[in-house]
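So the structure is just underneath, and the comments pick up after that.
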Amino acid sequence: MRTDSLPLNTWVVVQQTGPRRDIALVSRHDSQSAAEAERDRRNRASPERPYRACMVLEPIAQRMGGQLAPTARGTGNRRPARRI
663 MRTDSLPLNT WVVVQQTGPR RDIALVSRHD SQSAAEAERD RRNRASPERP YRACMVLEPI
723 AQRMGGQLAP TARGTGNRRP ARRI
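Following this note's numbering, the numbering of the sequence shown begins with 663 at its first residue and continues without gaps.
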């Protein structure tokens, strides 16, 4: 599962199975403490500690119609040069 397909604004426990974006959704939780308890319980059995508790937040700029923040494009707040 890709990180962009995880449920938004919900505490989840995920298992990292390979590269950074390759994860498996393990469980959903109503609170941070419940997600962290589930993560800790699962990680006790594994020395690699592949389980993570996290909340995926919706990018505000994308909801408002933007693609990326100006700083992500490397242009800062400057406008592109005008061609004459």
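Cβ coordinates follow ideal geometry from the N, Cα and C atoms, glycine included.
Measuring alpha carbon to alpha carbon, tell me which of the options ends up nearest residue i.
{"i": "S689", "options": "L668, A707, P709", "result": "L668"}
{"i": "G680", "options": "W673, S693, T665, A715", "result": "T665"}
{"i": "H691", "options": "V674, R706, R704, R711", "result": "V674"}
{"i": "T672", "options": "P721, R711, S693, P709", "result": "S693"}
Determine the extent of the alpha helix (DSSP H) in which residue i is found, giving its start and end residues.
{"i": "A715", "result": "No alpha helix (DSSP H) holds A715; the beta strand (DSSP E) holding it covers 713–717."}
{"i": "S689", "result": "Run containing S689: none in the alpha helix (DSSP H); it sits in the beta strand (DSSP E), 685–691."}
{"i": "R701", "result": "694–705"}
If we count the other Cβ atoms within 10 Å of its Cβ and call it buried at 16 or more, is residue i buried or exposed?
{"i": "A715", "result": "buried"}
{"i": "R701", "result": "buried"}
{"i": "A686", "result": "exposed"}
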